[in-house]
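Notes to accompany the following structure.
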Amino acid sequence: MISAQETGTPGRDGKSILIVDDDQEIRSLLANFLESHGFTVSTARDGPEMQRRLEHGRHDLAILDLMLPGPDGLELCRLIRQRSAMPIIMLTARAEDTDRIVGLELGADDYVTKPFNPRELLARIRAVLRRTGGNMATPGGEQPVRGYRFEGWTLSLERRELVNPAGVMVDLSTGEFDLLTAFLEAPNRVLTRDHLLDVARNQPDAVFDRAIDVQVSRLRKKIEPRDTDPAMIRTIRGAGYLFVPKVTRT
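Spelled out as structure tokens, the structure:
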């Protein structure tokens, strides 16, 4: 009997992740962590095994280690791009700009340097999937969401641009963009801090809760008419935050 680990059958959220890393401990830790967040994960230790996984299952995103036996991560990135637009996140223990630039030029969508916080990798996976729509149509042939409109504002996921009702572009940091996207994906639903921690790219664990509050405050100052009396992003005491406006997908 072939398991979901081998086939890449989609998990609860319909997304399947392929991890290619020659370190068995890293493969196992990442697989367990991502599966606990609703993904189905298949793993490969090298290029030939990756090819077998790709031939026998559907995957929505690949995580490629740079340093691999045989074809390295850059070569595997190039091979994937020759056949697919599947999003790719590169992992590396090296931080040289040259490797990063080459990987991005070959078609990688993001780059994470080891050691990394699993929460950060999860946030980057979700951000890349939002940005690319998984590069797959949704069931029934429906096209992936490309942006959102709310209260005269427009957010483009493809260009990562926010335009206000007057037609002026508003600069957002990466964390602010991911946070706003999370709100627009779930309007009129209370989002807990734990959920927002998964989508916002913050750093030290010890200040995670406070960092979310700071990010929300900064976002309010950019989109709220009066950030001292917010009407769009409401604080729900003891629960989290609620995005109030009606949201239209584009």
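Just so we're aligned: the sequence shown equals residues 5 to 254 in our numbering.
All residues carry an ideal CB built from backbone N, CA and C; glycine is no exception.
- Can you have a look at residue 169 and say buried or exposed, based on whether 16 or more other CB atoms are within 10 angstroms of its CB? For the purposes of this step, residue 169 is taken as residue 165 along the sequence shown, with counting starting at 1. Under this definition residue 169 is an exposed residue.
- How long is the line joining the alpha carbons of residue 74 and residue 113, rounded to whole angstroms? By 1-based counting over the sequence shown, the position of residue 74 is 70. By 1-based counting over the sequence shown, the position of residue 113 is 109. When rounded, the distance between both Cα atoms is 23 Å.
- Query: Could you give the distance in angstroms between the alpha-carbon of residue 161 and the alpha-carbon of residue 175?
  - Reply: Position 157 of the sequence shown holds residue 161. Position 171 of the sequence shown holds residue 175. For residue 161 and residue 175, the distance between alpha carbons rounds to 14 Å.
- If you run the structure through DSSP and keep just helix, strand and coil, what is residue 161? The count along the sequence shown starts at 1 and reaches residue 161 at position 157. DSSP places residue 161 in coil when its eight states are reduced to three.
- Message: Below 8 Å, how does it come out for the segment 243 to 251 and the segment 179 to 197: are there three or more Cβ pairs, yes or no?
- Response: Yes, the segment 243 to 251 is in contact with the segment 179 to 197.
- Across which residues does DSSP place residue 66 in a beta bridge pair? The residue you call residue 66 lines up with position 62 of the sequence shown. Residue 66 pairs with 22 and 92.
- Take the Cβ of residue 92 as the centre, count every other Cβ of all protein chains shown within 10 Å, and call the residue buried at 16 or more, exposed below. Start at 1 with the first residue of the sequence shown, and residue 92 comes out as number 88. Residue 92 should be labelled buried.
- Apart from the five residues just before and just after residue 37, which ones in its own chain have a Cβ nearer than 6 Å to its Cβ? Translated into the one-based positions of the sequence shown, residue 37 becomes position 33. Cβ within range, chain order: 122.
- Query: Roughly how many angstroms separate the alpha carbons of residue 274 and residue 254, rounded to a whole number?
  - Reply: Here the chain comprises residues numbered 5 to 254, so residue 274 is not present and cannot be evaluated.
- Item | Alpha-carbon spacing of residue 78 relative to residue 218, whole angstroms | In the sequence shown, residue 78 corresponds to position 74, counting from 1. In the sequence shown, residue 218 corresponds to position 214, counting from 1. Rounded to the nearest angstrom, the two C-alpha atoms are 37 Å apart.
- Message: Using only CA atoms, which one of 82, 70, 226 and 251 lies nearest to residue 95?
- Response: As a first step, residue 95 is located in the sequence shown; it is residue number 91 there, counting from the start. Among 82, 70, 226 and 251, the Cα nearest to that of residue 95 belongs to 70.
- Query: For residue 254, does the three-state DSSP call read helix, strand or coil?
  - Reply: As a working note, residue 254 is residue 250 in the sequence shown. If DSSP states are grouped into helix, strand and coil, residue 254 belongs with coil.
- Task: From the DSSP output, in three-state form, read off residue 173 for me.
- Result: Within the sequence shown, residue 173 is the residue found at index 169, counting from 1. It is a strand residue.
- Which residues DSSP lists as bridging residue 46, in chain order: By 1-based counting over the sequence shown, the position of residue 46 is 42. For residue 46, which the question treats as bridged, DSSP gives the partners 22.
- Query: Among all the DSSP beta bridges, which residues are the ones paired with residue 247?
  - Reply: Stepping through the sequence shown from its first residue, residue 247 is reached at position 243. Per DSSP, 237.
- Query: How long is the line joining the alpha carbons of residue 164 and residue 201, rounded to whole angstroms?
  - Reply: To locate residue 164, count along the sequence shown from 1; it is residue 160. To locate residue 201, count along the sequence shown from 1; it is residue 197. So the two alpha carbons sit approximately 20 Å from each other.
- Message: By DSSP's criteria, residue 166 is part of a beta bridge. Which residues make up the other side?
- Response: Along the sequence shown, one-based indexing puts residue 166 at 162. 159 and 174, per the DSSP bridge assignment.
- Message: Restricting to Cα atoms, I'd like to know which of 178, 119 and 129 is closest to residue 41.
- Response: The residue you call residue 41 lines up with position 37 of the sequence shown. Of the candidates 178, 119 and 129, the one whose C-alpha sits nearest the C-alpha of residue 41 is 129.
- In three-state DSSP terms, what is residue 151? The residue you call residue 151 lines up with position 147 of the sequence shown. Strand.
- Through-space distance from residue 132 to residue 252, alpha-carbon basis: Taking the sequence shown and counting its residues from 1, one reaches residue 252 at position 248. Taking the sequence shown and counting its residues from 1, one reaches residue 132 at position 128. Between the alpha carbons of residue 252 and residue 132 lies a gap of roughly 21 Å.
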